[in-house]
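Per this note's numbering, numbering through the sequence shown is continuous, rising by one, with the last residue being 530.
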Amino acid sequence: MTIGKIRKLLKSNHNALILLILLFLLIPLYVILYKIYIPRVNAFGCFDDCFNYVGGYFIANGKHIYSDFFFNHQPIPAFLSYAVQTITHPINIFDLVLKHRQALMLFGLLFNGLLILRFRFPAFLFIIIFELSKFYVFGDRFLAEGIIVYPILYLAGLALLRISKRKLFTIDYLLFPVLAWFIVFSREPYVPLALLLFATILWGKFDKIKKISIAIFTILSIITLFYIFDLKEYFFNVVTVNSQTVFISEAGVNQMFGPKILQIFLYPFYVFFSEPWNVFKQLLIGISLLFLLHFVMLIKDKKLLLAALIFVILGLGNLRIVVPGKLFYDAFHMIIWYALFIFITSYLILNYSKYQLLRIFSLLILILFLASFITSEFYFAKEKIDQHAELLTNYGETMQIGEVVKILSNPSDALFLDGSDDLIYWQAQRTSPYKYSWYTSVMRHFPKYLKSRLDMFKNNPPDFYKEFGTCPKKTDIGESYRLPNFIADQYARLYSLESPSCLFVHKKKLDEITEAQWQKAVEFLYHR
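Rendered as structure tokens:
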């Protein structure tokens with residue numbers, strides 16, 4: 003064996019050892035993450051993740067997405083929730099939320115392993131920073147953004163390699179179209195980003211393997227659309243509804259200066275000039291400093307194509323812009339941008355810096371900011387929590403009303419929730435007589451949904467009805483959120499302790515409810 007072959011073998015073994023060490027380090031990291039995140043599964047209550055849970059529940063009950071139930075998001079998250087519920091059989095709402103958080107952690111662990119296999123140290127650096135801080139942007143919740151963030155990073159990494167004329171492997175060309183399809187049919191605002199990354203990876207000579215990549219993406223997309231079947235409802239749910247509600251509301255003025263298009267693409271600069279200030283904002287500033295430094299070095303080294311690609315990737319990942327430093331409910335739209343920002347900054351520091359001292363300096367600065375972040379007295383993991391209190395505060399009423407409906411009803415009885423608290427469907431294990439299965443808060447803006455709601459009350463009124471919001475109310479909320487006048491006298495309002503509740507029972511159903519059922523309902527503080 004020649005000296006050259008021996009060196010090559012030693013280098014190969016050395017790289018393999020480093021790779022194994024990085025993969026092994028994921029295990030203790032995820033043990034720590036589990037201990038940090040799982041005790042906080044009850045924090046903040048229901049959000050868009052519950053939208054996915056109930057979508058999965060409807061699918062489990064034989065409903066077809068878009069045609070049988072309204073769903074103004076792409077379909078994959080609902081089917082993922084359906085899979086989680088079918089496999090794990092959660093026994094209550096706490097268990098439902100827990101099983102989904104555990105599933106997301108497992109998904110993240112596996113995908114982070116894949117990122118390390120493909121991108122090594124930049125991926126590991128990203129994992130450390132993102133996983134320890136994503137709580138502030140709701141990255142730990144079963145949101146589409148929290149799921150697709152990992153496939154997006156894989157595609158972004160391949161795009162950076164491709165534009166730098168580095169080698170891609172056959173497995174990359176087979177895997178990336180599947181991930182692009184997964185992103186496109188998981189969350190609609192990131193379709194432009196997914197297609198940009200898709201096109202960038204295919205850039206250059208058009209050979210057989212690239213044709214296979216296009217074929218894989220096309221076939222998966224056609225199968226998905228064929229399964230959806232009712233493309234008219236799909237388009238109305240995902241495009242029309244969102245463009246006339248969500249898009250309009252997000253196109254308004256926020257708390258940052260300058261045109262929104264500049265805010266989107268120059269976001270790393272805005273980090274320094276906006277309120278509020280908090281421990282998460284401090285970390286953002288540290289990453290922004292290093293990103294801008296290395297981005298300038300890219301331009302100085304005349305890697306203009308790479309710089310342009312990074313600029314556009316971050317912009318398209320930030321279309322749903324939020325004010326830097328906002329947290330939790332106000333910040334979940336930045337999950338994708340935040341992850342891309344960390345990953346690209348790590349990649350620039352470790353792979354594109356020609357200056358060893360600059361690389362070492364950047365890593366030290368990043369470590370200092372991260373250490374300051376996780377040792378801060380305001381770091382979320384140091385806050386004392388009461389899981390039982392959080393469960394009752396955030397899910398207590400949902401569990402209470404759902405359980406009362408389940409006790410007083412038969413499996414064939416129908417329940418209708420008027421514009422809020424959709425998770426009650428899951429807790430009660432009942433479905434709705436409404437044409438579109440549920441009536442979410444956004445649906446009252448569209449005549450077809452209002453008409454179907456009135457038609458339901460006229461032709462097939464539900465046995466149980468939950469009024470919008472909390473009760474008792476000080477003012478009339480309007481007929482789009484309460485029982486219509488023509489049928490109101492056919493329902494009896496139940497009481498919670500001595501206060502009138504938002505739960506009603508059809509008077510025809512009252513005669514079927516036994517005294518034993520009423521006694522059981524009293525245990526949950528509800529009575530006639």
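The beta carbon of each residue, even a glycine, is placed where N, CA and C say it ideally should be.
Residue burial is scored here from C-beta neighbours: ASP420 has at least 16 other C-beta atoms within 10 angstroms and is therefore classed as buried. The region 417 to 436 and the region 458 to 471 touch, with no fewer than 3 CB-CB distances between them shorter than 8 Å. Contiguous alpha helix (DSSP H) elements confined to the region 421 to 458 occur at 426 to 430, taking only those with 4 or more residues. Taken atom to atom, the span from the alpha-carbon of ILE221 to that of PHE231 is near 15 Å. For LYS522, the enclosing alpha helix (DSSP H) stretches over residues 517 to 524. Put simply, the region 128 to 139 touches the region 338 to 347. At least three CB pairs are less than 8 Å apart.
Residue state for ARG495 is assigned as strand, using DSSP reduced to three classes. Of the candidates PHE171, PRO153, TYR32, ALA201, the residue whose Cα lies closest to the Cα of PHE345 is PRO153.
Here the alpha carbons of GLY206 and ILE263 stand approximately 30 Å from one another. PRO502: member of the beta strand (DSSP E) spanning 501 to 508, first to last residue.
Judged by DSSP secondary structure, PHE466 falls within the beta strand (DSSP E) whose first and last residues are 466 to 468. PHE178 counts as buried, since at least 16 other C-beta atoms from the protein chains shown sit within 10 angstroms of its C-beta.
Residue pairing for ILE67: DSSP places it in a beta bridge opposite PHE71. Around the CB of ASN114, 16 or more other CB atoms lie within 10 Å, so the residue is classed as buried.
Boundaries around LEU163 are those of the alpha helix (DSSP H), 146 to 165, since no beta strand (DSSP E) includes it. Going by DSSP, LEU419 is part of the beta strand (DSSP E) stretching over 417 to 419. In the DSSP assignment, PHE113 falls within the unbroken alpha helix (DSSP H) covering 95 to 121. Burial state of ASN74 is buried, judged by a 10 Å Cβ sphere holding 16 or more other Cβ atoms. Taking a cut-off of 8 Å for Cβ pairs, the region 309 to 320 and the region 154 to 161 touch, as three or more such pairs fall below it.
If the five residues before and after LEU393 are omitted, its C-beta is found closer than 7 Å to the C-beta atoms of ASN44, PHE96, all from its own chain and listed in chain order.
Three or more Cβ pairs closer than 8 Å define a contact, and the region 423 to 432 meets that threshold against the region 52 to 68. Nearest Cα to ASN462 within the set MET107, SER439, LEU198: SER439. Burial state of GLU235 is buried, judged by a 10 Å Cβ sphere holding 16 or more other Cβ atoms. Collapsing the DSSP output to three states places TYR357 in coil. The C-alpha of LEU365 lies about 38 Å from the C-alpha of CYS48. If you draw a straight line from the Cα of PHE267 to the Cα of VAL314, it is about 7 Å long. The C-beta of ASP424 has 16 or more other C-beta atoms within 10 Å across all chains shown, which makes the residue buried. The closest CA to that of ILE20, considering only LEU106, LEU119, SER374, LEU162, is found on LEU119.
Between LEU31 and the set ASP70, PRO92, PHE72, LEU108, the nearest pair of CA atoms involves LEU108.
Separation of the CB atoms of HIS508 and TYR493 is rounded to 6 Å, and the pair is thereby assigned contact status at 8 Å. Excluding its 5 nearest sequence neighbours in each direction, SER443 has C-beta neighbours in its own chain below 7 Å: GLY421, SER422, listed in chain order.
Scanning VAL248, PHE137, PHE363, LYS213 for the CA closest to the CA of LYS384 turns up PHE137. Listed in chain order, the non-local C-beta contacts of VAL324 below 7 Å within the same chain comprise ASP332, ALA333, HIS335, MET336, local neighbours out to five positions each way being set aside.
In summary, THR242 is exposed, with fewer than 16 beta-carbon neighbours lying within 10 Å of its beta-carbon over all protein chains present. Per DSSP, reduced to three states, the secondary structure at TYR528 is strand. Its Cα nearest to that of THR347, the residue LEU368 stands out among SER245, LEU368, LEU359.
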